[in-house]
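Trainee: From first to last, the protein sequence lines are chains X and Z. Residues in the first sequence are numbered from 19 upward in steps of one, following my numbering. Residues in the second sequence are numbered from 6 upward in steps of one, following my numbering.
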Amino acid sequence: GNSVTQMEGPVTLSEEAFLTINCTYTATGYPSLFWYVQYPGEGLQLLLKATKADDKGSNKGFEATYRKETTSFHLEKGSVQVSDSAVYFCALSPLYNQGGKLIFGQGTELSVKP
Amino acid sequence: GAGVSQSPRYKVAKRGQDVALRCDPISGHVSLFWYQQALGQGPEFLTYFQNEAQLDKSGLPSDRFFAERPEGSVSTLKIQRTQKEDSAVYLCASSFVVRLRRDNEQFFGPGTRLTVL
Chain X
19 GNSVTQMEGP
29 VTLSEEAFLT
39 INCTYTATGY
49 PSLFWYVQYP
59 GEGLQLLLKA
69 TKADDKGSNK
79 GFEATYRKET
89 TSFHLEKGSV
99 QVSDSAVYFC
109 ALSPLYNQGG
119 KLIFGQGTEL
129 SVKP
Chain Z
6 GAGVSQSPRY
16 KVAKRGQDVA
26 LRCDPISGHV
36 SLFWYQQALG
46 QGPEFLTYFQ
56 NEAQLDKSGL
66 PSDRFFAERP
76 EGSVSTLKIQ
86 RTQKEDSAVY
96 LCASSFVVRL
106 RRDNEQFFGP
116 GTRLTVL
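#1: Are three or more beta carbon pairs between the stretch 113–121 of chain Z and the stretch 85–98 of chain Z nearer than 8 angstroms?
#2: Specify whether the stretch 66–86 of chain X and the stretch 40–55 of chain X touch according to this definition: at least 3 beta carbon pairs, one from each stretch, less than 8 angstroms apart.
#3: Answer yes or no: does any C-beta atom of chain X fall closer than 8 angstroms to that of tyrosine 53 (chain Z)?
#4: Which residues does DSSP list as the beta-bridge partners of tyrosine 15 (chain Z)?
#5: Quick one: what does DSSP say valine 138 (chain X) is sitting in, helix, strand or coil?
#6: Looking only at its own chain, which residues have a Cβ that is under 6 angstroms from the Cβ of proline 30 (chain Z), when we skip the five neighbours before and after it?
#7: Indicate whether the contact test is met: 3 or more Cβ pairs, each with one atom in the stretch 78–91 of chain Z and one in the stretch 14–27 of chain Z, closer than 8 angstroms.
#8: Listing by chain order, which chain Z residues have their CB less than 9 angstroms from the CB of phenylalanine 80 (chain X)?
#9: Quick one: is leucine 65 (chain X) near chain Z, going by C-beta distance under 8 angstroms?
#10: Which residues bound the beta strand (DSSP E) around isoleucine 84 (chain Z)?
#11: Since I believe lysine 119 (chain X) is in contact with phenylalanine 50 (chain Z) (beta carbons under 8 angstroms), could you give me their beta-carbon distance rounded to a whole number of angstroms?
#12: In terms of DSSP beta bridges, what is tryptophan 75 (chain X) paired with?
#13: Using 8 angstroms as the threshold, is the C-beta distance between glutamate 34 (chain X) and valine 100 (chain X) below it?
#14: Hey, isoleucine 39 (chain X) and leucine 93 (chain X): beta-carbon distance below 8 angstroms or not?
#15: Could you check which residue in Z:Glu57, Z:Ser92, Z:Pro66 and Z:Lys89 has the C-alpha nearest to that of glycine 77 (chain Z)?
#16: Any chance you could list the beta strand (DSSP E) runs of at least 3 consecutive residues sitting entirely within the stretch 23–60 of chain X, in chain order?
#17: Strictly under 8 angstroms for the Cβ-Cβ distance: is phenylalanine 2 (chain Z) near chain X by that measure?
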């Protein structure tokens, strides 16, 4: 079946540190891949996406590359800020799928200290 | 407002009660999704509507769960005879589908936190 596995949190970093949050997936064929972010007290928001192998999604300094050979979509940022503190969810939309339902990982909480 | 709204934001129910959760999607959004998010977990898909048609209800956990979207806009998720294991945050999301695609951005509401005592 389709599933997403993320590294467990919480992840605690100092401001300006490098961030990696690992995400691997299991799916048939080529799913679309997403990172959503949930800031404290807010709803989920799309951070970035990629729809085919070797695509790189990027937004707000975050990047993730769709790696089919390793079935991964790791989230990276070169220099985190306190305002990046949030819960990050990796998600996929299966290949054979009506309407684009999402299958989420369990989420990784990031805490950035000044 | 321009975003997806949900009401109530918090609901406490006694075991065995029926509850109804409302979702107002972004105006003009064709697709509407319901997800269930248990504490410390990622959202899990419940059901999907395209306009008023419920095209996928494979994620509904039991026949106590029922969703409708009669006029293709507002949707209601109803849970009958609530149980403690139904306690979760229920998220609604909508998207504007030009044609069926797997990369349409879903816009999420703030969720309804249901606690069953």
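Beta carbons are placed, not taken as given, at the ideal position from N, Cα and C, and that holds for glycine.
Mentor: This is what the structure gives:
#1: yes
#2: yes
#3: yes
#4: Z:Arg118
#5: This structure leaves residue 138 (chain X) out entirely; chain X is present only between 19 and 132.
#6: Val9, Leu37 and Ser99
#7: yes
#8: Correct list: empty, because the minimum Cβ distance to chain Z is about 16 angstroms.
#9: no
#10: 80–84
#11: 5 angstroms
#12: Note on residue identity: the sequence assigns glycine, not tryptophan, to residue 75 (chain X). DSSP, once it has assigned bridges, lists X:Ala82 as partnering glycine 75 (chain X).
#13: no
#14: yes
#15: Z:Glu57
#16: 29–32, 37–39, 41–44 and 50–56
#17: Residue numbering for chain Z in the displayed model covers 6 to 122; residue 2 (chain Z) lies beyond these limits and cannot be assessed.
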